[in-house]
Amino acid sequence: MKSLKKLAAIGLSTALAFSLAACNGNEKASTDKGESSGDKKVTLNFWAFGATGYEDLAKAYEKENPGVKIKVRSAETAEHHDALFTALSAGSGAPDITMLEIDQLDRFKAAQDRFENLYDLGAKDIKDQYLDWKWKTGENDKGDFLIGLPTDIGPKALYYRTDVFEAAGLPTDPEEVTALINSPTTFEEAGLKVKEKTGKPFVDSIEMAFRAYLDGAKETFLNPKGELLLEKDGNSVKKAYDYAVKLNKLGVVGKFEMWSPEWANAVNKGEFAAELGAGWLKGWMEGNAKEAVGKWKVATLPSEFAANWGGSFIAIPSETKHAKEAYKFAAWLISPDNQLKSFQDKGLFPSAQSVYEMDAFKSNQDAFFGGQATAPVFAKAAQDINGAVYKGEKYFPIYSEVLNALKNVQNKGTDPEKEWKDAVKRAEGLLSR
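Numbers -21 to -1, 1 to 412, taken from mature numbering (1 follows the signal peptide of the UniProt record, and there is no 0), label the letters of the sequence shown in order.
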């Protein structure tokens, strides 16, 4: 759910398959979309991905609603979305309820006729309970169609090794770190101190240096018309690219590719100082970095780097015969109380603002982080995010081309401007196919 390698491997097909299937999109069968009658039990098929714990919540819902049976099918991110794409394109075999990963959302928005408009089912009544930017991400461009209800999000923060910071003469208290590293410039300066005093890189990889600016950009590779923006003056991708090149030239960028065994070992051993990670990363650390307990803390990133990385939505394919029952369950699943449970059980960071004020959320101390209550740090980051980022169907193929250019700069010493121009040409080729 979080790995770029997994997401990049997903075949981002064109909308052709959808357009073929959509020929019958407005000829929906006049099936019953209403409540079940009598003693007949309604069965809802729910397709999920990742470690959500939704199976347990589904059982709790069944106990409260004995007339409803929910069958949860969980799969890997790529498998899940490709199977859903295939079913929707074929016009049969789709579930009653499905999760959609945020980076896959635009792929499915292109076929909104294959989904129920959740505004028609009552979603406007709960809109105010959720972060505005997260809610709007689930809408179409006109704002009159809601494809997905908001679940978890991935607000980013600065994960840092206290022992490496201390060795570099930097503060280790989260508030002091936030005050010190409060801009891209001071971020660089902290990196230079770590390099000078410890010989270690500040940031783990050039990809994370690139994402420092990229993840919070309002426009990236494409606009909703499908036009490439890389050669536009002031393009945010070029700004992020240049910043990564600069950090690499300063010598503060490592070569630890996220999720690789080398990266995992570096997290454990403290072979780099900082990670620009989302809230879900702490769950991975707690389960996989046993040697690093008490050596990491979390601080707020500079406002220029405020961004979301990851998260999902709950959608209802229009093929369902039980739209009302499906919506009732989906709205219950994403309620503030259940988002708190998902956060406590599986680390899914809530998008319902009222959770941020709950004592069980604010006082949730993390032993891995030396007893720091990290949740308020990510809550602040979530509320600092200003709007949703449009990605489009070919986001990841183009992203990969730019990232390959950066890796060439770092690993081969090639000219950054030539690499950039070559990446733009390759991106143009991707769009022409």
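Positions of the beta carbon are idealized from the N, C-alpha and C atoms, including for glycine.
Confirm, please, whether the CB-CB distance from residue j to residue i is below 8 Å.
i	j	result
Ala196	Ser215	yes
Gln344	Gln351	yes
Leu193	Ala406	no
Pro203	Tyr369	yes
Ile377	Phe200	yes
Phe328	Asp152	no
Glu372	Ala54	no
Pro134	Ala30	no
Arg335	Leu97	Correcting the residue identity first, residue 335 is Tyr in this sequence and not Arg. No.
Glu265	Phe347	yes
Trp230	Lys174	For the sequence presented, residue 230 should be read as Gly rather than Trp. Against a cut-off of 8 Å, the Cβ pair of Lys174 and Gly230 comes out as a contact.
Have a look at the DSSP bridge pairing and note the partners of residue i.
i	result
Glu254	Tyr138
Glu167	Glu167 is not bridged to any residue.
Asp345	Gln351
Ile105	Answer is none; Ile105 lacks a bridge partner.
Trp26	Arg52 and Thr77
residue 413	Past the boundaries of the shown model lies residue 413; the chain is included only from -21 to 412, so the question cannot be answered.
Kindly list the residues whose CB is nearer than 6 Å to the CB of residue i, restricted to its own chain and excluding five residues on each side of it in sequence; keep chain order.
i	result
Ala188	Val182, Ala223, Leu226 and Val232
Ala(-1)	Low local confidence applies: a pLDDT of 41 at Ala(-1) is under 50, so the model's placement there is unreliable, and no value is given.
Glu270	Asn247
Glu34	Val51
Ser162	Pro281
Glu145	Thr151
Lys20	Gly46 and Lys48
Gly262	Gly326
Note down, in chain order, each residue of its chain lying with its Cβ closer than 7 Å to the Cβ of residue i, except the 5 sequence neighbours on either side.
i	result
Lys397	none
residue 415	Past the edges of the chain, shown from -21 to 412, lies residue 415, and the structure says nothing about it.
Leu100	Ala302, Lys303 and Tyr306
Ser(-3)	Only weak support exists for where Ser(-3) lies, its pLDDT of 41 falling under 50; the value from the coordinates is given anyway. Nothing listed; no residue qualifies.
Lys218	Tyr192
Val388	Val224, Asn227, Pro395 and Glu398
Lys274	Arg140, Thr141, Asp142 and Gly249
Could you pull out every residue in the same chain whose Cβ sits closer than 8 Å to the Cβ of residue i, ignoring the five residues on either side in sequence?
i	result
Gly366	Trp112, Lys115 and Lys197
Leu36	Leu312, Asn317, Lys320 and Ser321
Ile364	Leu110, Trp112, Pro134, Gly195, Ala285, Ala286 and Asn287
Thr165	Leu159 and Pro281
Ala245	Asp183, Gly233, Phe235 and Phe251
Is there contact here, the stretch 300 to 316 with the stretch 389 to 397, by at least three beta-carbon pairs under 8 Å? Taking 8 Å as the limit for Cβ pairs, the verdict is that the stretch 389 to 397 does not touch the stretch 300 to 316.
Quick test of the definition: if touching needs 3 or more C-beta pairs under 8 Å, does the stretch 290 to 299 touch the stretch 126 to 140? The stretch 290 to 299 is in contact with the stretch 126 to 140.
Between the stretch 160 to 175 and the stretch 137 to 152, do at least 3 Cβ pairs fall closer than 8 Å? Under the 8 Å Cβ criterion, the stretch 160 to 175 counts as touching the stretch 137 to 152, having at least three qualifying pairs.
Taking only runs that begin and end inside the stretch 255 to 279, name each unbroken beta strand (DSSP E) of 3 or more residues, in chain order. Counting whole runs of 3 or more residues, the stretch 255 to 279 contains the beta strand (DSSP E) stretches 275 to 278.
Suppose only complete runs of 3+ residues qualify. What are the beta strand (DSSP E) ranges in the stretch 43 to 83, listed by chain order? Inside the stretch 43 to 83, DSSP marks whole beta strand (DSSP E) runs of 3 or more residues at positions 47 to 54 and 76 to 80, from first to last along the chain.
Could you tell me which uninterrupted alpha helix (DSSP H) segments, each at least 4 residues in length, are contained entirely in the stretch 194 to 245, listed from first to last along the chain? 215 to 229, all fully within the stretch 194 to 245.
Three or more beta-carbon pairs under 8 Å between the stretch 49 to 65 and the stretch 18 to 26, yes or no? These segments touch.
Are the stretch 320 to 338 and the stretch 142 to 157 in contact at 8 Å, needing three or more beta carbon pairs? No, the stretch 320 to 338 does not touch the stretch 142 to 157.
List in chain order: all unbroken alpha helix (DSSP H) runs of 4+ residues lying wholly within the stretch 329 to 409. Runs found: 338 to 341, 354 to 363 and 374 to 391.
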